[in-house]
Amino acid sequence: MADLFSRSWSALLAAVAGLGDEDFARPSGCAGWLVRDLVCHLVIDAQDVLITLATPAEGEPTRDAITYWEVAQSPPTGDDPLDALTVRLAAAYQEPWLLKFHLDDLGSAAGRAAALADPRSRVGTRDQVLTAGDYLSAYVLEWTLHHLDLTAHLPHVAGPPADGLARTRRMLEEIAAEPYPASFSDADALLVGTGRRVPTAAERAELGTRKVPLILG
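Each residue of the sequence shown is one higher than the one before, starting from 9 at the first, in the numbering used here.
Written out as structure tokens, the structure is:
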């Protein structure tokens with residue numbers, strides 16, 4: 009799974025690197041966030057990966073790649089202190105190239121750390137213990153969903169890799185404990201399944217009694 013982590017992360021970093029300055033002021037697929045806010049969040053994500061992979065843990069794993077994710081009862085409101093900090097921090101960069109540089113710097117380091125990690129080793133994060141392999145697998149979902157967020161209003165930017173989309177769909181279906189309709193593309197299953205897009209009337213009929221959206225945290 010480290011290979012899929014690497015491909016998903018590398019594709020996301022390349023997408024950000026190719027953005028024009030004007031793209032940073034466009035809305036993202038994260039409600040209330042501009043693209044610059046999302047990219048700043050990715051900087052924080054990269055820090056989290058580096059910190060977690062450098063935090064060995066003892067004892068049996070308490071979570072895996074699926075149970076790492078928790079389902080919230082309501083979508084974020086923007087009142088969370090970290091969400092508010094992300095927006096202020098993004099604005100402080102002022103020049104998009106500074107934000108791109110910081111993400112490339114930290115993101116490249118996170119990618120190298122992931123490639124070097126023993127997937128059987130145990131790491132600690134959020135007061136939980138996971139194998140490094142499961143932790144990196146969980147982040148395939150993070151990278152893929154945020155890649156979709158990045159391109160939500162930027163049709164000229166390449167989307168996430170097909171294998172990352174397929175894997176993330178399977179993970180979301182495991183979290184939901186039921187599959188999405190086979191007629192849904194992987195991207196549509198993820199967008200509708202996580203509330204990033206409201207289903208059409210036809211999609212709603214196909215979903216039946218399935219619970220959507222799932223708000224992951």
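Quick reminder that beta carbons are idealized off the backbone N, C-alpha and C, glycines included.
All values reported here derive from a predicted model rather than from experimental measurement.
In the structure shown, the three-state DSSP call for valine 24 is helix.
Across the set Ala122, Leu107 and Leu149, the C-alpha of Ala122 shows the shortest separation from the C-alpha of leucine 58. Counting other Cβ atoms within 10 Å of its Cβ, valine 51 reaches 16 or more and is therefore classed as buried. Cβ contact annotation for leucine 21 (same chain, cutoff 8 angstroms, sequence separation greater than five): Leu111, Asp112, Gly115, Ser116 and Gly119, in chain order. Counting along the chain, the unbroken beta strand (DSSP E) around glutamine 136 starts and ends at 136 to 139. Per DSSP, the beta bridge partners of arginine 130 are Thr139. For the set Asp157, Tyr147 and Glu182, the Cα lying nearest the Cα of alanine 39 is the one of Asp157.
Annotated three-state conformation of leucine 224 is strand, per DSSP. One thing to note: threonine 139 has its Cβ no nearer than 7 angstroms to the Cβ of proline 83. Proline 189 has its alpha-carbon roughly 15 angstroms from the corresponding atom of leucine 222. Note that the C-beta distance between valine 131 and tyrosine 147 is not below 7 angstroms.
Classified as buried, tryptophan 41 has 16 or more neighbouring CB atoms from the shown chains inside 10 Å of its CB. Each residue's CA atom was taken as its position, placing alanine 213 and valine 206 some 13 angstroms apart.
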